[in-house]
Amino acid sequence: MSAPASGLAQIGKSVFIKGELSGSEDLYLDGQVEGSIALKGNSLTVGPNGQVKASIDAKGVVVQGKLEGNIQASERVELRKSAIVTGDITTQRILIEEGASLKGKVDTHRTDAK
Amino acid sequence: MSSVSQTFMKLFRGSSGPESIPAQGAQKLTRRSSGLGELSRSWESAEGLCVLDLGSTSPTNIRHFTEHGHRIYSEDLLTASTDPELLTKDEHGIAALDSRKFLAENLVYPAAHFDVVLGWNLPDYLDESLVKPVVGRLWSVLKPGGMLLAFFHTRDAGPDSPCHRFHIVGADTLEMQKIVLRPEARRGPTGTVRTAVADGFQLQRVFNNRHIENLFRDFASIKFFLARDNIREVLVVR
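Just so you know, the protein sequences line up as chains A and B, in that order.
Using the numbering used here, you'd call the opening residue of the first sequence number 13 and step up by one each time.
Using the numbering used here, you'd call the opening residue of the second sequence number 213 and step up by one each time.
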């Protein structure tokens, strides 16, 4: 499992957030979030303890934990071996490790430029 | 066997048996698949197909289809069927899985949505109470003219045939890998008692040709391919 880089914005595993989460820097999320996450131009990492029920819009998304919701990534999505994802993924590039579980659609067609 | 009958059998034996792949870590086998070969011609000549893979999540299959510019949906129905909350009793008081609840939570897609469904060996391992409802739902989510590929064991395969997941590694070549259930999916003596054994799944039944034809009677056409590894491949068209 990759640990969060120092200096990276983090949400720890004891934190629960309900609502809209947005920002303009990379985020490491190891807690619980329900709602939506918008990090346009930046990356989101859902850590191994992360439990997310949210739609995600970001440049890059790495999932190690549990995610329910659609992912819209302008560049790249990575599902690590411990990832359990329920939702549709739209991105340009995707990497899925052996052992990851996905229930949903994968669409690698180019997203509209914004 | 006479030369005529040998020639006749060759027509059907389009697929070869499994072969070992050395040094792959986990045991993996490759097999030629005539059904896949015929099906793959459709996705190699078309663009933007909608494909539904009903096996365990396969990075190989997702890469295969996305590289061809198709959309792939992944849904592991066999593991989903181990949910203990599905357990109910039928009209005779016999334990069964609740197919309505199962279909309310799984295979939820618009009608006529998919061009291709990869059913793999799902009907052989799925609980009896779910087989016909699932095939009915697959008919409705396939486009008219859409195709479904499924594999059935023959009686000679034996009751202990392991349940495999399938990775597409060539136009007519599959890599087979024994399914090992995640620990959290081994749910004990409730939903899984009927299908799951130890860390895998148990063959539930052996369909003969007539059973298979009956199962897919609402489809427009059905084609059988006999393989040497006691597998009967079936390609049906809605």
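Beta carbons: idealized from backbone N, C-alpha and C, even for Gly.
Source: prediction; values computed, not measured.
Of the residues the options, the one placed nearest residue i, counting alpha carbons only
{"i": "L338 of chain B", "options": "B:F277, B:A308, B:R440", "result": "B:A308"}
{"i": "N318 of chain B", "options": "B:R349, B:T278, B:C262", "result": "B:R349"}
{"i": "E173 of chain B", "options": "B:S293, B:L241, B:F363, B:P322", "result": "The structure shown does not extend to residue 173 of chain B, since chain B spans only 213 to 450, so no value can be given for it."}
{"i": "V320 of chain B", "options": "B:T300, B:D288, B:H280", "result": "B:D288"}
{"i": "C262 of chain B", "options": "B:R253, B:G247, B:E250, B:T278", "result": "B:T278"}
{"i": "L128 of chain A", "options": "A:I23, A:V27, A:I29", "result": "Given a span of 13 to 126 for chain A in the structure shown, any question on residue 128 of chain A remains unanswerable."}
{"i": "S254 of chain B", "options": "B:D384, B:T300, B:V343, B:G305", "result": "B:D384"}
{"i": "E46 of chain A", "options": "A:G35, A:E37, A:I68", "result": "A:I68"}
{"i": "R444 of chain B", "options": "B:A258, B:I434, B:F363, B:I424", "result": "B:F363"}
{"i": "S252 of chain B", "options": "B:R450, B:G382, B:Q389, B:F419", "result": "B:G382"}
{"i": "M388 of chain B", "options": "B:G260, B:D441, B:T291", "result": "B:D441"}
{"i": "N54 of chain A", "options": "A:P60, A:S36, A:L41, A:Y40", "result": "A:S36"}
{"i": "L342 of chain B", "options": "B:P374, B:D302, B:A258", "result": "B:D302"}
{"i": "K240 of chain B", "options": "B:K313, B:E256, B:P374", "result": "B:P374"}
Contact under 8 Å by Cβ, residue i with residue j
{"i": "V66 of chain A", "j": "G77 of chain A", "result": "One detail in the question is off: residue 66 of chain A reads as Ala in this sequence, not Val. No; because the gap between Cβ atoms is not below 8 Å, this pair is not in contact."}
{"i": "F431 of chain B", "j": "W332 of chain B", "result": "no"}
{"i": "L79 of chain A", "j": "V58 of chain A", "result": "yes"}
{"i": "K93 of chain A", "j": "A112 of chain A", "result": "yes"}
{"i": "S270 of chain B", "j": "H376 of chain B", "result": "no"}
{"i": "F437 of chain B", "j": "N421 of chain B", "result": "no"}
{"i": "I284 of chain B", "j": "V118 of chain A", "result": "yes"}
{"i": "K115 of chain A", "j": "S286 of chain B", "result": "yes"}
{"i": "Q104 of chain A", "j": "E90 of chain A", "result": "no"}
{"i": "G99 of chain A", "j": "G81 of chain A", "result": "yes"}
{"i": "G31 of chain A", "j": "G62 of chain A", "result": "no"}
{"i": "L315 of chain B", "j": "P296 of chain B", "result": "no"}
{"i": "L447 of chain B", "j": "G247 of chain B", "result": "yes"}
{"i": "L386 of chain B", "j": "S245 of chain B", "result": "yes"}
{"i": "P335 of chain B", "j": "L427 of chain B", "result": "yes"}
{"i": "A133 of chain A", "j": "D38 of chain A", "result": "Residue 133 of chain A falls outside the range modelled here, since chain A spans only 13 to 126, and no answer is possible."}
{"i": "G281 of chain B", "j": "G305 of chain B", "result": "no"}
{"i": "K390 of chain B", "j": "R450 of chain B", "result": "no"}
{"i": "L298 of chain B", "j": "K313 of chain B", "result": "yes"}
Residues bridged to residue i (per DSSP)
{"i": "D69 of chain A", "result": "A:A50, A:Q84"}
{"i": "R283 of chain B", "result": "B:C262"}
{"i": "S341 of chain B", "result": "Answer is none; S341 of chain B lacks a bridge partner."}
{"i": "V329 of chain B", "result": "B:L264, B:L360"}
{"i": "T387 of chain B", "result": "Residue identity check: residue 387 of chain B is Glu in the sequence provided, not Thr. E387 of chain B pairs with B:T242, B:H379."}
{"i": "K115 of chain A", "result": "A:T98"}
{"i": "S433 of chain B", "result": "B:V449"}
The ligand COA heavy atom lying under 7 Å from the CB of residue i
{"i": "E32 of chain A", "result": "Absence of the ligand COA from the depicted structure is noted, as is the absence of any ligand whatsoever, leaving it without description."}
Open item on the list: Under 8 Å: do the segment 350-367 of chain B and the segment 319-329 of chain B share three or more Cβ pairs, one atom per stretch?
Closed with: yes
- [ ] Identify each residue in the segment 252-282 of chain B for which the Cβ-Cβ distance to at least one residue of chain A is less than 7 Å, and report them in chain order.
- [x] T269, P271, I274, T278
Open item on the list: If the cut-off is 9 Å on Cβ atoms, which residues from the segment 41-64 of chain A count as contacting chain B, listed in chain order?
Closed with: Those residues of the segment 41-64 of chain A that come within reach of chain B (Cβ to Cβ, closer than 9 Å) do not exist; the list is empty.
- [ ] Tell me, please, whether the segment 108-120 of chain A touches the segment 261-277 of chain B by the rule of three or more beta-carbon pairs shorter than 8 Å.
- [x] Three or more beta-carbon pairs separated by less than 8 Å link the segment 108-120 of chain A to the segment 261-277 of chain B, which places the two stretches in contact.
- [ ] State whether the segment 364-371 of chain B contacts the segment 410-421 of chain B, with contact taken as three or more CB pairs (one from each stretch) at a distance under 8 Å.
- [x] Touching, yes, given that three or more Cβ pairs across the two stretches are closer than 8 Å.
- [ ] Closer than 9 Å, Cβ to Cβ, to anything on chain A: give me those residues from the segment 289-312 of chain B, in chain order.
- [x] T291, A292
- [ ] Taking only beta carbons into account, state which residues of the segment 111-122 of chain A come closer than 8 Å to chain B, listed in chain order.
- [x] A112, S113, L114, K115, G116, K117, V118, D119, T120, H121
TODO: Report the residues of the segment 311-336 of chain B with a CB closer than 8 Å to any CB of chain A, ordered along the chain.
DONE: none
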